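Written below as structure tokens is the structure these notes are about.
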Amino acid sequence: MEPETLEARINKATNPLNKDLDWDGINAFCEQLNKELEGPPLATRLLAHKIQSPQEWEAIQALTVLESCMKSCGKRFHDEVGKFRFLNELIKVVSPKYLGSRTPEKVKSKILELMYSWTLGLPHEVKISEAYQMLKKQGIVKC
Amino acid sequence: TVSFHDDSDEDLLNV
Numbered sequence: 027m028e029p030e031t032l033e034a035r036i037n038k039a040t041n042p043l044n045k046d047l048d049w050d051g052i053n054a055f056c057e058q059l060n061k062e063l064e065g066p067p068l069a070t071r072l073l074a075h076k077i078q079s080p081q082e083w084e085a086i087q088a089l090t091v092l093e094s095c096m097k098s099c100g101k102r103f104h105d106e107v108g109k110f111r112f113l114n115e116l117i118k119v120v121s122p123k124y125l126g127s128r129t130p131e132k133v134k135s136k137i138l139e140l141m142y143s144w145t146l147g148l149p150h151e152v153k154i155s156e157a158y159q160m161l162k163k164q165g166i167v168k169c
Numbered sequence: 731t732v733s734f735h736d737d738s739d740e741d742l743l744n745v
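Protein sequence lines correspond, in order, to chains Y and H. With the working numbering, letter number 90 in the first sequence gets 116, and the count goes up by one each step, no holes. With the working numbering, letter number 15 in the second sequence gets 745, and the count goes up by one each step, no holes.
This is the structure we're talking about:
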């Protein structure tokens, strides 16, 4: 198999020209990030960048990659997602003070859904809960 | 230097 970088893999998995979700590409990205020593921190940086894309389909695909990696990758990846460094990038997308006013509703609600599911599924990642509670307090999470 | 166990983080953003 030819060597592929994480960057090449995320570009493939989130390509706006994809007609459907590219599950092979998504799984390849998850597998690759587990193999690399610096995979998780690099993967979260790449994902944050894609999630902030002004193209809705690119952002939604990136969020699907994130969701899938949270299910199939281990603690090293969870720990990176559970840092404010990454959570802040998600917060920027939903906050009207940053990118929130020009982010599609679908992207914002997917981010809030994912964060909520992690507060339940990964209760030991306390920073995720802290970030989610803050969004609730600020009225960005409704209900 | 490269740290393989990088525990550094930033503060939670205020929105």
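Note that the Cβ used here is the ideal one computed from N, Cα and C, for glycine as well. Every value quoted in this text rests on a predicted model; they were computed, and no experiment measured them.
Using beta carbons (cut-off 8 Å, strictly below), is Ser135(Y) in contact with chain H?
Here the question's residue 135(Y) lines up with position 109 in the first sequence. Chain H contact via Cβ: absent.
Would the C-beta of Gly108(Y) count as close to the ligand ATP, meaning under 7 Å from any of its heavy atoms?
Among the components modelled here there is no ligand, and therefore nothing to report on the ligand ATP.
Please tell me whether Gln159(Y) has its Cβ less than 8 Å away from any Cβ of chain H.
Numbered from 1 along the first sequence, position 133 holds the residue referred to as residue 159(Y). For Gln159(Y), the answer is no, since every Cβ of chain H falls outside 8 Å of its Cβ.
Starting from the Cα of His33(Y), find the closest Cα among Asn44(Y), Leu47(Y), Lys45(Y), Ile52(Y) and give me that residue.
Taking the first residue of the first sequence as position 1, residue 33(Y) is located at position 7. Note that residue 33(Y) corresponds to Glu in the displayed sequence, not to His. Comparing Cα positions, the closest option is Ile52(Y).
At a Cβ threshold of 8 Å, is Ser121(Y) touching chain H?
Start at 1 with the first residue of the first sequence, and residue 121(Y) comes out as number 95. True, the Cβ-Cβ gap to chain H drops below 8 Å.
Just to confirm, are Ala175(Y) and Phe103(Y) a CB contact at a threshold of 8 Å?
Here chain Y has residues from 27 to 169 only, and residue 175(Y) is not among them.
Using CA atoms only, rank isn't needed, just tell me which of Lys76(Y), Glu115(Y), Ile77(Y), Gln87(Y) is closest to Asn44(Y).
Position 18 of the first sequence, counted from the first residue, corresponds to residue 44(Y). Selected option, being the one with the closest Cα: Gln87(Y).
Could you give the distance in angstroms between the alpha-carbon of Gly126(Y) and the alpha-carbon of Asp105(Y)?
Within the first sequence, the letter at position 100 stands for residue 126(Y). Within the first sequence, the letter at position 79 stands for residue 105(Y). In a straight line, the C-alpha of Gly126(Y) is about 25 Å away from that of Asp105(Y).
Looking only at its chain, what residues have a beta carbon closer than 6 Å to the beta carbon of Ala39(Y), apart from the 5 residues adjacent to it on each side?
As a working mapping, residue 39(Y) is identified with position 13 in the first sequence. Result list for Ala39(Y): Asp48, Gly51, Ile52, Phe55, Val91, in chain order.
Mapping DSSP to helix, strand and coil, what is Ser121(Y)?
By 1-based counting over the first sequence, the position of residue 121(Y) is 95. DSSP places Ser121(Y) in coil when its eight states are reduced to three.
Val152(Y), DSSP secondary structure in three states:
Here residue 152(Y) refers to the residue found at position 126 when the first sequence is read from its first residue. Three-state result, Val152(Y): helix.
Distance, Cα to Cα, Lys123(Y) vs Ser98(Y)?
Here the question's residue 123(Y) lines up with position 97 in the first sequence. Here the question's residue 98(Y) lines up with position 72 in the first sequence. The alpha-carbon atoms of Lys123(Y) and Ser98(Y) are separated by roughly 33 Å.
Spatial neighbours of Lys136(Y) within its chain, please: CB distance less than 8 Å, with the 5 preceding and 5 following residues excluded, ordered by chain position.
Position 110 of the first sequence holds residue 136(Y). Only Ile86, Leu89 meet the Cβ criterion.
Using the beta-carbon of each residue, which ones in chain A are nearer than 8 Å to Glu156(Y)?
In the structure shown, chain A does not exist; the protein chains are Y and H.
Every unbroken alpha helix (DSSP H) within the stretch 31-70 of chain Y, with a cutoff of 4 residues, ordered by chain
32-39, 49-61
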